[in-house]
Amino acid sequence: MQSRSASTQDTTLRTKDFLSKQPLLPEEKVYYEECKEYYHLTGQPLISVAEEVFDSSTELTTSSLKLCIDEDCNQFDLQGFITKFCGKINLTMKDILIKKIQVGSCILEADIFNKFESNDKKLSLKMICKSITNKLREEFSKMRIFFMFMGSIKSLLNQQKHRAEIKLNPQYNRIYAPDRSYWLGALNDGIDRGNKPYYCPVGWKRCSFYVTDRFYEKFKGWCICYHGTKFEYGLSILLNGLKPAERAEHGAGIYVSPSINYVCHPRYAEVKRLDTSYPSKFFKSGKYVQFVLECRVHPSNIKKIAKETLDAGNTIIDFNIDNKIIEWVINNQNKKIVDFNDPDSSIVCTGIMMRVTDDHPGLLPESQWWYESHICNHENCCLLGINLDVLKRRRLDGYKLTTVDRNKFILENLANEIFYEIFEYLDIHDIYKSFFNLNKRFENLIINSNFLHQINISTISKIDFENFYINILIPYRYRINLFRLSNPFIADIIFSPPRIILQFIHLEKLILDKIQMKYLSKIFNYLTYLPKFHSLIISIGDYIESLDILFTHLFHLLTLKYCKIEYEIKNSEYPLSIYLTEYDSSSIQYLIINGCFPFKSLNNLLCCLPKLRYLSINYLVHCRDYLEREDLSPIKLKYLKNVSLKFDCIRFDKVEKILKNFFYYVQILRLTTRYDQAYLNAKRWEDLIVNYMPNLRIFDINHETSMVNNNLSYHDLINQFNSSFWIKKNWFFTHQHDWTRRLDSGIFYSTDPYRRKDYGFHWEIDEQNCSHIQETNLNSVQHVSIYSKQIINIHLNYFPNVTQLTIKHYFQTSDDSIITTLNRMIPLVQLTKLTIESYDFPFEEVIKLLRFTPNLYSLKLNLLAMTKTNSQLIKQNENFQYVTKTNKIKYLDLREYCTLNQIQLIVKLFPQLEYFKTRMNRKEIEPITKYLLLKTKNKIQHLFLLCISETPKICLKELNILIKSENLLKDYFIKFINRDLYLWW
């Protein structure tokens, strides 16, 4: 392939002579795809010129032309295209030298003015730039040109590479509205945004950009401002930079304002009426859109602060900002184009603000000042997206709303972008149930959204699931990349049709809760055929019979990178061993095992995970089978950085061997251990860490033991962890005693600065014998378990972010009530899960606690203490009546046998129940079931899943006969799993 001038005599330019097989760079491909979307959205090509063309201080050694044409290379007429193009821009054929055409959409590269000197090249390119009018852009569009670049190819590649590094920063996306991101007056949140106030941009949505790491440190003191732009510029600015203002009322520079209400005037921010026929990743719906850029500027770069320039007079534009100081002129550093995504620019763009509405924004209350300023129909001035006279008539005559109508208007005219933000806080099933059948708009809103990519089906009734299955799951199974099933019945529906899972061709992550073993072989076999699958979270509902089978299936998933498994075995004292050989190897990088795992198999498991990065096993125990397994030779786990292990009565010397053989590269180590007091040998740990774990940054240990060595007291032993070695590493520890007045035993654990999500509260510190270390860094704790039988309120820690509470015993307090004591430890109002395992916790105290935990979603408790209580008196209690009306509990697990009388009380107390698990005597099953199902349309109308735990299997048949004979349910599923009987309707 050779370059050839377009004026070569007696030779026709043929596309095939210039085709290049050189692939586009990733950043090039992304850039051109964005340019093509810009072309389809605006109907015009994106035209870009290298900065050095306008810079007199730099030499232009090469001048190139890059054209991207939305046409198949096989159909492209190169000769006809070049002839027509040169005619449009008055370019002679001898001045253009074709170099190559890259396949796909035609991407043509040529040299122009190759024989000219540098200054002549610049002059010629500037003349072409000046000749490009809107009419010429339309002509280019007809030629299907979607991108045109002039300058050096090196500059273009640098620009494309830099754009590829610009990332969205979705964690800082915001919707500015009441009940979302909203404040009155100047924001005062402790962040330094310079010497200019920042007011809430109500009614706008921000898509935030990633600019640089440590943003608030680098841009400390930089003020927030806004820059309005045309629709196509709002897209092209993201690709080509922010240009100085052409109309310089206050001098050369970039014009911005601290008021978004000012820059959204149609003189600055085009009101674009969207054509819904073209698809776009930017706008999912809505009729009108405006773009405004959110920027940061240092006060020293503000050249001038001046009055408005829209002839608004004394009309109030923004109630927060005076008209006399509403425009800022920013130093553009004498550059023709300022790259506003460059962290070293004088102005940095931190996000793009969008206002998408179903009616014209000129009808909004905050836009009424437009009509008192300069506003016109001229396209080269104000871009209204509608005829001004029509807009004024609608404003004055046809847009008068009553108070009731105004409320309706606000709801019906919320932009679709707002609904998408709201949907992010809802379960996909709730979205479907609430909106899908509302009207055609919401049906399309859901179908065209990204929510169908991630299906998380939690607790759901049978009829609701079947509708969801028919209308959403099956039609759009090709789009799903995350799929979660948390109902033991749903697997029957999903996995029973032959090979249906194979049609989830984009599935990447699968989450299965309470799946039965009988489905595993089929599921794992299907998963091997899914090309994008890489993440599996699975909990097994029935008792597992063979760990060998489970791990063999897992290791056969060659693309699996993330795996979390949860299971139970019948007898934890006799866990099943795993047979692994040197031929077993897995691609798993993150492995979490929540279940009884044989410690003897840990060595060989690690040998089969060469790519492992994260490991967590929550229950490592002795394996008491008689079949000895030969240990494989240890391997270097050079990627393994984070380890969390819990050992049950495993001697330290056994654990020490594992640490020495595999954990050289580990940086974070969390261990939970029991009994062997050798774990409290500080010197032994010091030698182990120095010689075998030199990369360790975080050492987090929790050890429970009783002293058997009488030479040292418990406190003497743990005080060895106060030496200089531990202090230099900032590793600190404290302890609790698990029995009052038992100072020879306790729980020893790490404190600041590292904290687990779970915290156990035991007996408080003995003032005379224990040195107290105040624990201050408890923000990461989400679950507190109270083991103590007495709390005396002397040294109570506070856990500000706890959402789960477990109470092991009915504890006594010194002076205050249980409620007061608990509220000193945790914010009761934010609890969502509560478990009370005590057998003697009075039911009246449970009711009191429920009154102060209004956001509880899940409740587990024993009800033995309730048998002594008069249920009629309880119902008349003020606390009971209050809780009945206010609680939100949907999951209830009662661990004791319940009578019909108690069930009636429960139904009265928890009217929002959806899932109910309890134990029943066999003779009570019939009357209780009839009561619950007959009440479905009355007091407990939300209930659709019932679990009767630890019941004989014959009860399944008996219950089935009862339902059919009494016609209690017409459409239901019933099954038996691990001595638990499930009924779903």
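4 is the number of the first residue of the sequence shown in the numbering used here; add one for each residue after it. Cβ atoms here follow ideal geometry from the backbone N, Cα and C, with glycine treated the same way. Quick caveat: nothing in here was measured; it's all calculated off a predicted structure.
- D361 has its alpha-carbon roughly 15 angstroms from the corresponding atom of N447.
- Only buried fits D516, as 16 or more other CB atoms lie within 10 angstroms of its CB.
- CA-to-CA, the gap between F600 and Y593 works out to about 17 angstroms.
- Between the beta-carbon of I951 and that of L984 there is about 4 angstroms, and that keeps the pair under the 8 angstroms contact cut.
- Counting only the Cα atoms, F728 lies some 23 angstroms from T708.
- R177 sits in a strand when the DSSP states are folded into three classes.
- Around the Cβ of G544, a 10 Å sphere holds 16 or more other Cβ atoms; the residue is buried.
- Annotation: T353 to V646 spans about 38 angstroms, alpha carbon to alpha carbon.
- As DSSP reads the structure, F655 sits in no beta bridge.
- With respect to the C-alpha of K290, the residue from F702, F558, G388 having the closest C-alpha is G388.
- When beta bridges are read from the DSSP output, L296 appears opposite H230, I355.
- A direct Cα-to-Cα measurement between L959 and I906 gives close to 20 angstroms.
- Residue pairing by DSSP puts K978 in a beta bridge opposite Y985.
- Cα atoms of D679 and K657: separation of roughly 11 angstroms, rounded to the nearest angstrom.
- Rounded to the nearest whole angstrom, the C-alpha separation of I319 and Y202 is 16 angstroms.
- R276 is bridged by DSSP to Y291.
- One alpha carbon belongs to G316, the other to N264, and they sit about 16 angstroms apart.
- In the displayed model, C71 falls within a strand according to three-state DSSP.
- Here Y762 is bridged, per DSSP, to V787.
- For L643 against L615, the beta-carbon gap comes to about 5 angstroms, under 8 angstroms, which counts as contact.
- C-alpha of L715 to C-alpha of N574: approximately 37 angstroms in a straight line.
- According to the DSSP assignment, N694 belongs to the alpha helix (DSSP H) that extends over 685 to 695.
- The Cβ atoms of L852 and L895 do not sit closer than 8 angstroms to each other.
- I541 has its alpha-carbon roughly 20 angstroms from the corresponding atom of D430.
- T954 is classed as buried because its beta carbon has at least 16 other beta carbons within 10 Å across all chains shown.
- About 6 angstroms separates the beta carbon of Y668 from that of L640, a gap short enough to meet the 8 angstroms contact definition.
- A direct Cα-Cα distance of roughly 32 angstroms separates I493 from Y582.
- A straight line joining the alpha-carbon of F751 with that of Q739 spans about 7 angstroms.
- When secondary structure is reduced to three states using DSSP, M146 falls in the coil class, being assigned neither helix nor strand.
- The three-state secondary structure of F919, taken from DSSP, is strand.
- Boundaries of the alpha helix (DSSP H) around C132: 121 to 134.
- If you draw a 10 Å sphere on the C-beta of I568, you find 16 or more other C-beta atoms in it, and that means buried.
- Under DSSP, H738 shares a beta bridge with F751.
- Look at F554 here: in three-state DSSP terms it is helix.
- A straight line joining the alpha-carbon of Q162 with that of K124 spans about 21 angstroms.
- For Q807, the uninterrupted beta strand (DSSP E) run begins and ends at 807 to 810, by DSSP.
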